[in-house]
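Residue numbers (the working numbering): 321 to 556. Quick reminder that beta carbons are idealized off the backbone N, C-alpha and C, glycines included. On a predicted model such as this, the values are computed, not experimentally measured, just so you know. Shown next, in structure tokens, is the structure this report addresses.
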């Protein structure tokens with residue numbers, strides 16, 4: 321068995337703890353096929369024109385899971401004194417994700433700028449089982465390092481003051497993969513790394529995050545939730 325990087329090992333350990341938790345109920349789980357990091361990234365990055373001058377930082381190698389898919393859809397077990405929490409994530413090797421097509425997110429009447437923005441997205445995390453319509457994507461741009469991370473919420477533009485369904489996150493891919501094991505894909509956690517006030521969204525977003533911050537510190541005491549709570553409080 322090969323040796324995992326610290327970030328990758330933490331991802332798998334968190335996944336195992338999620339499955340074994342007596343507080344959370346698993347609706348779906350999938351562990352794909354492990355791949356060999358020694359093979360490196362595909363030669364397609366060298367020949368496809370959209371990757372010309374795009375910087376693929378070597379730090380990505382240490383942050384990505386070398387697996388075709390790691391996915392889980394979960395919810396809290398119904399108990400009188402346990403608040404309701406929902407979450408889902410689906411991740412895969414970053415290089416496989418980057419070579420996939422852009423997600424079909426731009427609506428027919430979107431501006432040219434918005435369509436161009438979406439065309440540069442590559443999905444790194446999404447929620448297909450729940451149908452929550454939440455996607456995290458890397459934006460593919462030349463001469464940018466680290467590559468930008470964006471969050472798509474199909475309901476965002478329905479709330480007053482928000483014109484589009486996308487928001488740039490104040491986090492890069494490496495940090496994203498460090499935080500994911502802590503949140504375990506709790507719906508809306510990405511907003512904690514945005515400039516959006518939670519009070520401008522539906523109450524279910526802040527409520528779900530508040531429940532996570534109430535339940536997870538005792539359920540998963542090996543993780544420090546203080547920084548996330550500070551971010552949550554700053555965005556109320």
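- request: Could you tell me how far apart the beta carbons of residue 525 and residue 518 are, in whole angstroms, since I believe they sit closer than 8 Å?
  value: The count along the chain shown starts at 1 and reaches residue 525 at position 205. The count along the chain shown starts at 1 and reaches residue 518 at position 198. Their Cβ separation, rounded to whole angstroms, is 6 Å, which keeps residue 525 and residue 518 in contact under 8 Å.
- prompt: In chain order, which alpha helix (DSSP H) runs of at least 4 residues are fully inside the stretch 463 to 519?
  reply: 493 to 503
task: Look at the Cβ atom of residue 514, then the Cβ atom of residue 489, and state whether they are nearer than 7 Å.
output: Residue numbering aside, residue 514 sits at position 194 when the chain shown is read from its first letter. Residue numbering aside, residue 489 sits at position 169 when the chain shown is read from its first letter. In this structure, residue 489 lies closer than 7 Å to residue 514 by Cβ.
Cβ shell of residue 349 (< 6 Å), same chain only, five flanking positions each side left out: Indexing the chain shown from 1 puts residue 349 at position 29. Taken in chain order, the residues that qualify are 392.
- request: Would you kindly check if the distance between the Cβ of residue 500 and the Cβ of residue 473 is under 7 Å?
  value: The sequence position of residue 473 within the chain shown is 153, counting from 1. The sequence position of residue 500 within the chain shown is 180, counting from 1. In this structure, residue 500 does not lie closer than 7 Å to residue 473 by Cβ.
message: Counting C-beta neighbours from all protein chains within 10 Å, is the total for residue 461 16 or more, i.e. buried, or is it exposed?
response: In the chain shown, the residue the question calls residue 461 occupies position 141. By the neighbour-count rule (16 or more Cβ atoms within 10 Å), residue 461 is not buried but exposed.
- request: Please report the residue range of the alpha helix (DSSP H) in which residue 327 lies.
  value: The count along the chain shown starts at 1 and reaches residue 327 at position 7. Element bounds for residue 327: 326 to 340.
message: Taking a contact to mean a Cβ-Cβ separation below 7 Å, would you say residue 389 touches residue 412 in this structure?
response: Stepping through the chain shown from its first residue, residue 389 is reached at position 69. Stepping through the chain shown from its first residue, residue 412 is reached at position 92. Contact: yes.
message: Could you give the first and the last residue of the continuous beta strand (DSSP E) run that contains residue 458?
response: By one-based count along the chain shown, residue 458 stands at place 138. Residue 458 -> beta strand (DSSP E) spans 454 to 459.
task: Report the option in 381, 386, 361 and 394 whose CA atom is closest to the CA atom of residue 341.
output: Numbered from 1 along the chain shown, position 21 holds the residue referred to as residue 341. When each option's Cα is compared against that of residue 341, the closest is 394.
query: Can you find at least 3 beta carbon pairs, one from the stretch 542 to 552 and one from the stretch 374 to 381, that sit closer than 8 Å?
result: no
Test item: CB-CB of residue 414 and residue 380 under 7 Å: Residue 414 sits at position 94 when you count from the first residue of the chain shown. Residue 380 sits at position 60 when you count from the first residue of the chain shown. Yes, they are a contact pair.
- prompt: Does the separation of the CB atoms of residue 434 and residue 426 fall below 7 Å?
  reply: Counting from 1 along the chain shown, the entry for residue 434 is found at position 114. Counting from 1 along the chain shown, the entry for residue 426 is found at position 106. Cβ distance < 7 Å, so residue 434 and residue 426 count as in contact.
task: Compare the Cα-Cα distances from residue 357 to each of 322, 442 and 505 and report the closest residue.
output: Your numbering for residue 357 matches position 37 in the chain shown. Among 322, 442 and 505, the Cα nearest to that of residue 357 belongs to 322.
query: Hey, how far is the Cα of residue 443 from the Cα of residue 399?
result: One-based indexing of the chain shown puts residue 443 at position 123. One-based indexing of the chain shown puts residue 399 at position 79. Cα to Cα, the separation comes out at about 34 Å.
query: What are the residues that DSSP puts in a beta bridge with residue 352?
result: By 1-based counting over the chain shown, the position of residue 352 is 32. None, per the DSSP bridge assignment.
field: 8 Å contact criterion, which residue 494 and residue 383 should meet: CB distance rounded
entry: Here the question's residue 494 lines up with position 174 in the chain shown. Here the question's residue 383 lines up with position 63 in the chain shown. Contact flag correct, Cβ pair sits at about 4 Å.
message: Can you tell me whether residue 420 is helix, strand or coil according to DSSP?
response: For the purposes of this step, residue 420 is taken as residue 100 along the chain shown, with counting starting at 1. Coil at residue 420, not helix or strand.
message: Could you check whether residue 554 and residue 280 sit closer than 7 Å to each other, using their CB atoms as the reference points?
response: With the chain covering only 321 through 556, there is no way to say anything about residue 280.
query: Considering residue 446, what are the terminal residues of the alpha helix (DSSP H) in which it resides?
result: Residue numbering aside, residue 446 sits at position 126 when the chain shown is read from its first letter. Segment 441 to 446 is the beta strand (DSSP E) holding residue 446; no alpha helix (DSSP H) there.
- prompt: Taking the continuous beta strand (DSSP E) assigned at residue 555, which residues delimit it?
  reply: Walking along the chain shown from the start, residue 555 turns up at place 235. Residue 555 -> no beta strand (DSSP E), and no H or E assigned at all.
task: Please confirm whether residue 470 and residue 452 have their CB atoms less than 7 Å apart.
output: If you number the chain shown from 1, residue 470 lands on position 150. If you number the chain shown from 1, residue 452 lands on position 132. For residue 470 and residue 452, no; Cβs fall outside 7 Å.
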